[in-house]
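All remarks here apply to the structure that follows.
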DNA sequence: ATATTTTTGTTTACGTGGAAACAAAAATAT
DNA sequence: ATATTTTTGTTTCCACGTAAACAAAAATAT
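Residue numbers (full-length UniProt numbering), protein chains in the order written: chain A, 1 to 150; chain B, 1 to 150.
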């Protein structure tokens, strides 16, 4: 079936693009790279964000997040604090300027979402159900593939 | 529409997974990482593969491929040669042991393809057409998004 | 209560890949 | 023919992120 083959190719292209985008080492906003902006996004949207939780959310190591948050502290985009009863965990929150980045990023994110919703508005409810089923099937298969490797 | 939102979420998860997979710095086959295996795959499937062509095919810089191919030369998985009439371009081909990796990788790739075909066999022709239309729409939108950034 | 294990965050060493500067050869212009 | 531009490959410098080793605190076991 030529359609199936084309689906696979098209899907592969999507994966490759995500790959390429991650490679992008350039700065996005004011002197911040993608990882830093993402880190701000996570800290801004999380209760009691700490290194471990952000690392998990960003699929990165604690070491990496430790370094990134140190940079964000130096740039005064985030602040750290602790709970009086816990001397081990360190939490982060956004400063005023950090919140600005957070909002700017959020707008971009919402615009992307709107573009996708607009695209999807060209599909009937029935068609959308098919698409969703496909994406969930693929997701499940990929997750299983990863799990088998481990 | 809840379906549209779920489609977006599911799609995002796929992109994130591609991201994570690229981060995988571990070796895949005998002491080779992902980029090296991909490089072998490209060299093995290309006429007169050279640094520039492989770099383009892998969406990486010539500098990166130059280094990788040097490693592959040291590991004796590829060989380099030149045409007598051109003293500038350097071409690569696989050695016997390089071909082994190539074949092994190809098998993996084909298995993944078969898994996807099997998954798609649960969809009617009409449904597959919908899926393909969606993936191509999304691909177009994403490509346009990248182009606007540049 | 004390000992052991787990959790949390940091640091160090290392590998990878990009950007840019180079060098050499080839292609093109004049 | 000669000069200029483009193409090709390499190297240097650097930023990023991982893995692993650590240290300190908290949780759990005994």
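Positions of the beta carbon are idealized from the N, C-alpha and C atoms, including for glycine.
A quick note: this is a predicted structure, and the numbers were derived from the prediction, not measured.
Test item: CB-CB of residue i and residue j under 8 angstroms
i                      : j                      : result
residue 131 of chain B : residue 120 of chain A : no
residue 48 of chain B  : residue 134 of chain A : no
residue 18 of chain A  : residue 18 of chain B  : yes
residue 139 of chain A : residue 138 of chain B : no
residue 141 of chain B : residue 4 of chain A   : no
residue 55 of chain A  : residue 65 of chain A  : yes
residue 50 of chain B  : residue 91 of chain B  : yes
residue 2 of chain B   : residue 136 of chain A : no
residue 53 of chain A  : residue 46 of chain A  : yes
residue 107 of chain A : residue 94 of chain A  : no
DSSP-derived helix/strand/coil call for residue i
i                      : result
residue 57 of chain B  : helix
residue 102 of chain B : helix
residue 85 of chain A  : coil
residue 80 of chain A  : strand
residue 122 of chain A : coil
residue 34 of chain B  : helix
residue 150 of chain B : Low confidence applies to residue 150 of chain B: its pLDDT is 46, below 50, so where it sits in the model is not reliable enough to give any reading.
Chain-order list of residues whose beta-carbon lies under 6 angstroms from that of residue i (same chain, five-residue window excluded)
i                      : result
residue 126 of chain A : none
residue 150 of chain B : Here the model assigns residue 150 of chain B a pLDDT of 46, short of 50, so the residue's position is not dependable, and the following value carries that caveat. Hits under 6 angstroms: none found.
residue 144 of chain B : none
Cβ-heavy atom distance, residue i to the ligand FAD, below 7 angstroms
i                     : result
residue 16 of chain B : In the structure on display, the ligand FAD does not appear, and there are no ligands present to speak of.
Beta strand (DSSP E) segment containing residue i, residue limits
i                     : result
residue 27 of chain B : 27-29
residue 94 of chain A : 91-94
Beta-carbon proximity list for residue i, same chain, < 8 angstroms, skipping 5 on both sides
i                     : result
residue 22 of chain A : 34
residue 84 of chain A : none
residue 57 of chain B : 42 and 46
Residue span of the alpha helix (DSSP H) that contains residue i, given as start and end
i                     : result
residue 47 of chain A : That residue, residue 47 of chain A, is in no alpha helix (DSSP H); it is neither H nor E in DSSP.
residue 10 of chain A : 2-23
residue 70 of chain A : 62-74
Close beta carbons around residue i, own chain, < 7 angstroms, minus the five adjacent residues each side
i                      : result
residue 25 of chain A  : 33
residue 36 of chain A  : 68, 71 and 72
residue 110 of chain A : none
residue 20 of chain B  : none
residue 62 of chain B  : 51, 52 and 55
Practice problem: Could you tell me whether the stretch 100-108 of chain B touches the stretch 93-100 of chain A, using the rule of 3 or more Cβ pairs below 8 angstroms? | Solution: Too few Cβ pairs lie closer than 8 angstroms, so no.
Quiz item: Is the number of C-beta pairs between the stretch 58-70 of chain A and the stretch 16-30 of chain A that are closer than 8 angstroms three or more?
Solution: Taking 8 angstroms as the limit for Cβ pairs, the verdict is that the stretch 16-30 of chain A does not touch the stretch 58-70 of chain A.
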